[in-house]
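Working notes, beginning with the structure itself.
Protein chains: 2
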Amino acid sequence: MTVTSVHDPSHREALWELEDAFERGDLVSLFGRCTVAYEGRAASDLGPGDRLLVLKPDGAALVHTDEGRQPVNWQPPGSEHRAAVREGRLRVVSTRTNPAETLTVRFSDVHQLSGMAVTGGRDLALHGSEEDLRTRILERPELVEPGFEPKATERPSGAGPMDVFGVDADGTPVVVELKRRRVGPDAVGQLARYVRALREELGATESAGDDGDGVGGGDGETEPAVRGVLVAPSVTDRAAERLADRGFDHVALEPTPEE
Amino acid sequence: MTVTSVHDPSHREALWELEDAFERGDLVSLFGRCTVAYEGRAASDLGPGDRLLVLKPDGAALVHTDEGRQPVNWQPPGSEHRAAVREGRLRVVSTRTNPAETLTVRFSDVHQLSGMAVTGGRDLALHGSEEDLRTRILERPELVEPGFEPKATERPSGAGPMDVFGVDADGTPVVVELKRRRVGPDAVGQLARYVRALREELGATESAGDDGDGVGGGDGETEPAVRGVLVAPSVTDRAAERLADRGFDHVALEPTPEE
DNA sequence: AATTTCATATCGTGA
DNA sequence: TCACGATGTGAAATT
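Structure, rendered in structure tokens:
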């Protein structure tokens with residue numbers, strides 16, 4: 001049998017089942033009334049209440065209440081679970097080092113405990129990520145703009161690797177920053193750093209110490225012409241302002257085609 | 001009884017228990033072999049495998065494997081759960097709108113199903129957050145530097161509210177940016193925006209179009225003197241460079257005192 | 001091990 | 001509702 005289960009066990013029965021489950025490498029689900037204490041990167045305390053404790057064979061521990069996607073407390077994978085009965089009550093402690101963290105769950109009542117041996121099916125096929133967006137642009141560069149020609153992905157720069165580097169119809173270098181969803185001002189800052197780094201690399205001669213007011217127009221200076229293009233489904237108002245300030249363009253594009 | 005539990009139920013029995021649990025507003029734990037499909041902000045498919053499905057009365061749904069802190073698939077709170085038997089197999093669908101998202105879990109085997117009525121204890125007391133760091137500085141300003149005097153928290157600026165605004169021993173305005181943990185260059189950029197906004201507000205007269213090389217020294221220009229201080233446990237090398245570029249200071253401080 | 005960046009991030013707060 | 005920033009963010013890729 002792949003699943004073991006006990007209903008309203010005594011604290012000692014729960015301990016035995018739990019130790020067996022640890023031994024077998026089971027995925028454990030434990031309903032009960034408990035308090036929770038955490039100490040590590042921060043510290044927290046949670047008073048008595050009914051909760052679901054999930055213990056994984058890889059060391060992860062999750063304490064869930066009836067609300068929220070996030071566990072109210074947890075321990076990351078790589079932790080070590082131990083169970084004991086102290087003063088007649090089940091206690092589960094999960095610890096890890098680097099950083100040193102401890103999660104302690106003290107039960108006053110154990111309502112239900114189940115363990116299942118898990119096999120297979122851990123590979124998730126996910127679509128619609130930033131990588132999909134990059135693929136889409138490389139296959140159809142005209143979606144960025146007519147005449148755009150990608151030259152490289154992850155091209156190195158002084159500010160780190162750019163998402164896509166290419167040239168436009170006039171042969172002007174273009175830095176393309178990809179975001180799979182609506183973006184705020186931070187993405188514009190990221191694009192600006194790439195553009196500035198590329199301008200310096202392509203031979204900045206004067207105008208030192210500024211932060212990417214990217215016009216490169218017709219005045220006396222000979223700043224290398226480098227364009228910045230932000231590809232994202234949409235941008236916030238603040239991000240649009242900053243794009244305009246820098247002289248960058250925005251191309252509205254989804255990571256996957258609309259149906 | 002606060003907990004119901006069935007072991008190796010038929011798909012129809014599982015459906016009945018599940019519908020009862022939804023009705024009661026139970027927190028549900030469901031072990032079984034299943035496939036999972038998600039479509040919404042992205043899209044994903046997960047082949048057959050043994051998993052734990054957690055269904056919360058607030059609409060959250062979590063699909064956990066035996067590894068990782070994160071669910072392999074999920075649905076946020078506010079979704080609606082529905083269960084049915086199709087072709088003799090239990091199927092759980094969780095949907096939400098805005099954005100439109102659907103999670104579908106198709107079971108080939110149901111091993112164990114439990115539901116618990118959850119009461120009380122949802123208030124977590126967390127220590128060591130950024131707010132703790134702010135409190136600590138307001139109570140002991142000399143931790144920033146001798147003579148520092150906080151004037152306001154969340155003081156508005158053209159770049160948004162600053163964490164802490166004050167003056168140093170010389171009466172020079174100081175913008176303090178707080179981070180509860182080690183920070184990278186982005187935090188320096190955030191601080192630079194506040195400093196620049198405050199300089200403009202306090203009467204910038206010349207040197208337009210640059211981005212905060214904050215010296216304000218003794219040369220001819222009369223840029224308003226505004227200092228920037230980053231309070232964080234530590235900074236990355238790159239962040240330290242940028243701090244030096246801008247003429248900002250770093251104060252090493254933890255959100256809670258070391259023991 | 002340290003750093004950087006993405007995520008179906010989630011979550012709270014404020015406008 | 002949308003925008004913005006914090007999170008014990010987690011997780012992967014890269015150095």
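Going down the list, the sequences are from chains A and B.
Take the first sequence: its letter number 181 is residue 181 in the UniProt record's numbering, and every next letter is one higher.
Take the second sequence: its letter number 175 is residue 175 in the UniProt record's numbering, and every next letter is one higher.
Just so it is clear, CB atoms sit at the ideal spot from N, CA and C, and this is done for glycine as well.
Just so it is clear, the structure is predicted and the values come from calculations on it, not from any experiment.
Stretch-stretch touch, CB-based, cutoff 8 Å, three pairs: the stretch 14-21 of chain A with the stretch 4-23 of chain B: no
is_contact[B:S5, chain A] using C-beta, thresh 7 Å: Locating residue 5 of chain B in the second sequence gives position 5, counting from the first residue. It does: the Cβ of B:S5 has a partner Cβ on chain A nearer than 7 Å.
Option nearest A:A100 by Cα separation, candidates A:Q75, A:G120, A:A84 and A:D123: For the purposes of this step, residue 100 of chain A is taken as the residue at position 100 of the first sequence. Looking at the Cα atoms, A:Q75 is the closest of the given residues.
Near-chain B residues of the stretch 73-98 of chain A (beta-carbon distance less than 7 Å), N- to C-terminal order: W74, P76 and P77
Local conformation of A:E223 per DSSP, three classes: Position 223 of the first sequence, counted from the first residue, corresponds to residue 223 of chain A. Coil.
Beta carbon proximity, B:E17 to chain A, threshold 7 Å: Indexing the second sequence from 1 puts residue 17 of chain B at position 17. Chain A contact via Cβ: absent.
7 Å Cβ cutoff, residue 266 of chain B in contact with chain A: Since the first residue of chain B shown is 1 and the last is 259, residue 266 of chain B is not available in this structure.
Short-range partners of chain B found in the stretch 44-56 of chain A, where Cβ spacing is below 8 Å: S44, D45, L46, G47, P48, G49, D50, R51, L52, V54 and K56
A:M162 classed as buried or exposed, judged by whether at least 16 other C-beta atoms fall within 10 angstroms: Within the first sequence, the letter at position 162 stands for residue 162 of chain A. Flag for A:M162 reads buried.
C-alpha distance - B:G88 paired with B:G49, whole-angstrom precision: The count along the second sequence starts at 1 and reaches residue 88 of chain B at position 88. The count along the second sequence starts at 1 and reaches residue 49 of chain B at position 49. B:G88 and B:G49: Cα-Cα distance of roughly 18 Å.
Contact check, A:V226 vs A:V195, beta carbons under 7 Å: Numbered from its first residue, the first sequence carries residue 226 of chain A at position 226. Numbered from its first residue, the first sequence carries residue 195 of chain A at position 195. Contact flag set, yes.
Runs of beta strand (DSSP E) lying entirely within the UniProt domain "Endonuclease NucS C-terminal" (129-204) of chain A, each at least 3 residues, in chain order: 149-153, 164-167 and 173-178
6 Å CB neighbourhood of A:Y38 in its chain, flanking five on each side removed: For the purposes of this step, residue 38 of chain A is identified with residue 38 of the first sequence, where counting begins at 1. Excluding sequence neighbours, A:Y38 sits near S44, N73 and L103.
Contact under 7 Å by Cβ, A:L243 with A:L143: As a position in the first sequence, residue 243 of chain A is number 243, starting the count at 1. As a position in the first sequence, residue 143 of chain A is number 143, starting the count at 1. Their beta carbons are not under 7 Å apart, which means A:L243 does not touch A:L143 by this criterion.
Neighbourhood of B:R134 by C-beta distance below 8 Å, restricted to the same chain and skipping five residues each side: Walking along the second sequence from the start, residue 134 of chain B turns up at place 134. The answer, listed in chain order, is T153, D163, V164 and L178.
Beta-carbon proximity check, B:P71 vs B:G25, cutoff 7 Å: Residue 71 of chain B sits at position 71 when you count from the first residue of the second sequence. Residue 25 of chain B sits at position 25 when you count from the first residue of the second sequence. Cβ atoms of B:P71 and B:G25: not closer than 7 Å.
A:T4 beta carbon less than 7 Å from that of residue 265 of chain A: Any answer about residue 265 of chain A is impossible in this case: the structure gives chain A only from 1 up to 259.
Backbone secondary structure at B:R122 - three-state DSSP: As a first step, residue 122 of chain B is located in the second sequence; it is residue number 122 there, counting from the start. Three-state result, B:R122: coil.
Cutoff 7 Å: A:S29 Cβ touching any chain B Cβ: Taking the first residue of the first sequence as 1, we reach residue 29 of chain A at position 29. So, interface residue.
A:P9, buried or exposed, once every other Cβ within 10 Å from all chains shown has been counted against 16: As a first step, residue 9 of chain A is located in the first sequence; it is residue number 9 there, counting from the start. By the neighbour-count rule (16 or more Cβ atoms within 10 Å), A:P9 is buried.
Test: A:Q70 CB closer than 7 Å to a CB of chain B: As a working mapping, residue 70 of chain A is identified with position 70 in the first sequence. Chain B, which has no Cβ nearer than 7 Å to the Cβ of A:Q70, makes this no.
Residue-level contact to chain B via CB, A:D237, 7 Å cutoff: As a position in the first sequence, residue 237 of chain A is number 237, starting the count at 1. No, because no Cβ of chain B sits closer than 7 Å to the Cβ of A:D237.
Exposure of B:R69, with buried meaning 16 or more beta-carbon neighbours within 10 Å: Against the second sequence, residue 69 of chain B aligns to sequence position 69. Result: buried.
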